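Number of protein chains: 2
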Amino acid sequence: MSDRKTTIAPSLNASPLLAVDMVIFSVIGGTLKVLLIRIGSGPYDGKWALPGGLVRMDESLDQAAERVLSEKAGVDDIYLEQLYTFGGVDRDIRGRSISVAYFALVNSDRCLPATIEYYSDIAWYDTARLPKTAFDHTKIVSAGIERLRSKLGYSNIAYGLLPKEFTLTELQTAYEIILGHELDKRNFRKKIQDIGLVKESGKVRKSGQSRPARLYSFTERKPRMVDVL
Amino acid sequence: MSDRKTTIAPSLNASPLLAVDMVIFSVIGGTLKVLLIRIGSGPYDGKWALPGGLVRMDESLDQAAERVLSEKAGVDDIYLEQLYTFGGVDRDIRGRSISVAYFALVNSDRCLPATIEYYSDIAWYDTARLPKTAFDHTKIVSAGIERLRSKLGYSNIAYGLLPKEFTLTELQTAYEIILGHELDKRNFRKKIQDIGLVKESGKVRKSGQSRPARLYSFTERKPRMVDVL
DNA sequence: CCAAAAGTGTTTCCAATACACCCATGC
DNA sequence: GCATGGGTGTATTGGAAACACTTTTGG
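What follows is the structure in structure tokens.
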């Protein structure tokens, strides 16, 4: 979907166009952000949309998602999972199309500043203040937020949002921002450590005029089901 | 997918074929069963597959799912939700195709005996002993079972599997069959009633030489999130 | 009175919650 | 010595789990 250039010319035994759209989240500056691109032509000119693209005949859906992620957002090797498939008849006024939405998480570290500067029309938007989007992309983002919130509670996917090393306060803050409410510091740290989600790196980080914080890393950087909250 | 007759003739700006496939579950005779149809021609002749069909240009995915459910399985107005979209390159040797899998539940009551007799090549299969299936349908069924198991625990979708009125033992048995392990009778009944999942109908059912069982019905027959287990 | 399935309460235990103070550092 | 954020332990509570006997009916 989004800013593809292809025109739609249905053949006789027509099949809807098939696209992947990426909902890429990151926690930046104290809010949950999603990456949007501005469409540069056509009936949706000027509207914002999720990075997306048509699925090619020789690539799987997952491969298409990875390619689009790389081409449009400039990131590789990040957390990625299929979210939901949107197939309403009127979602694109240019013609029938289906969008397989994917859900991705990016480290607050490398939050693609390079890419952001290269395209003038790509930006991180606070999920609480989205601009007018093309298609049904606002709905897709909502589905992504819902998935993110619920998966935080029973999986270790938070590793996708944090850099290799981080403080427990940073981890807790990420949880709070996404869930939208505060958590008890002592209970949070106890639980996180009890279930072995993270391990100490041995290092510390000094930050201004306060006690240095211990740095941790995730014990496992592969998707895993765990009772976190 | 499955037994569609269409031949595949890719046009220039080709898009993969788009189908919906239905994973229809029912609890029958003490096991969890899934509805399969035998393919009658082509390279998959004789193999079993999920009921499915191509998505038309003028219907949404959900509408396509309902239509296929009605046409191929002869059921309407049953529990239905999107499951996952399968888009591997080699899933159909006849050509590129994408399948949006849907998940449906049928009352053990009206488990479509009419339909079953009309087509000689449609049957309920025990999910523990599936035949060789065409495409990646075995994988799709597995995804369905996983979804069913997890949703039983935090939603009221069990209403989709039971008739209007049922005994608590029947409800518990359905849970046990799907989960694959036994549950404690007292705890189960306590929980089910505490959370208000069911209400008494006032009637009882006599069954042989034992005490009659009270009949219950679901308080709500719409999908709802509840902590059941 | 026997067989067969329905129905019912209490105790135990663990995990979630609530809660307040000391620690290390920079200025 | 004070301001800043880091770090820790305990008591309470509520829900999950374990567990065995009585009731109603038909034959």
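Which chain is which? The protein sequence lines are A and B, in order.
The working numbering puts the first sequence at residues 382 to 610.
The working numbering puts the second sequence at residues 382 to 610.
Cβ coordinates follow ideal geometry from the N, Cα and C atoms, glycine included.
Note that the coordinates shown come from a computational prediction; the quantities given were computed from them, not determined experimentally.
In this structure, DSSP gives Ala445/A a helical state, which the three-state scheme calls helix.
DSSP links Lys414/B through a beta bridge to Ser407/B and Asp507/B.
Less than 7 angstroms divides the Cβ of Val487/A from the Cβ of Ser407/A.
Residues of chain A whose Cβ lies closer than 8 angstroms to the Cβ of Tyr465/B are, in chain order, Gln463.
Across the stretch 503-534 of chain B, no CB contact with chain A closer than 8 angstroms is found for any residue. Taking all protein chains in view, the Cβ of Ala509/B is surrounded by fewer than 16 other Cβ atoms within 10 Å, so the residue is classified as exposed. Annotation: the continuous alpha helix (DSSP H) that includes Phe569/B extends over Lys566 to Asp575. When C-beta atoms of the stretch 512-525 of chain A are compared with those of the stretch 428-436 of chain A, three or more pairs fall below 8 angstroms, so the two segments count as touching. For Arg586/A, the enclosing beta strand (DSSP E) has its first and last residue at Val579 to Arg586. Near chain B, meaning a CB-to-CB distance below 7 angstroms, the residues of the stretch 467-479 of chain A are Gly468, Gly469, Val470, Arg477 and Ile479. Leu450/A has a beta carbon lying at 7 angstroms or more from every beta carbon in chain B. Chain order gives the chain A residues near Ala395/B as Met438, where near means a beta carbon separation below 7 angstroms. Where Ser523/B is concerned, the enclosing alpha helix (DSSP H) starts and stops at His518 to Tyr535. Distance from the CA atom of Gly561/A to the CA atom of Lys587/B, rounded to whole angstroms, is 52 angstroms. At a cut-off of 7 angstroms between beta carbons, Val609/B makes no contact with chain A. For Thr554/A, the enclosing alpha helix (DSSP H) begins and ends at Leu549 to Leu560. Distance between Arg448/B and Gly423/A, taken at the CA atoms: about 34 angstroms. One thing to note: Pro432/A has its Cβ no nearer than 7 angstroms to the Cβ of Asp490/A. An exposed status is given to Gly476/A, since fewer than 16 other beta-carbon atoms sit within 10 Å of its beta-carbon.
Interface flag for Ser422/A against chain B is unset, since no Cβ pair is found closer than 7 angstroms. Here DSSP, grouped into helix, strand and coil, assigns Ser451/B to helix. Checking the DSSP bridge columns, you'll see Gln590/B has no partner listed.
The straight-line gap separating the alpha-carbon atoms of Gly421/A and Leu398/A is approximately 20 angstroms. Buried is the label assigned to Val401/A, since at least 16 other Cβ atoms lie within 10 Å of its Cβ. Scanning Thr600/A, Leu552/A and Leu610/A for the CA closest to the CA of Lys580/A turns up Thr600/A. Per DSSP, the beta-bridge partners of Ser598/B are Lys580/B.
Taking CB atoms only, Leu399/B has a neighbour in chain A less than 7 angstroms away. Boundaries of the beta strand (DSSP E) harbouring Val481/B: Ser478 to Leu486, taken from the DSSP string.
At the C-beta level, Gly525/A and Val607/A stay beyond 7 angstroms of one another.
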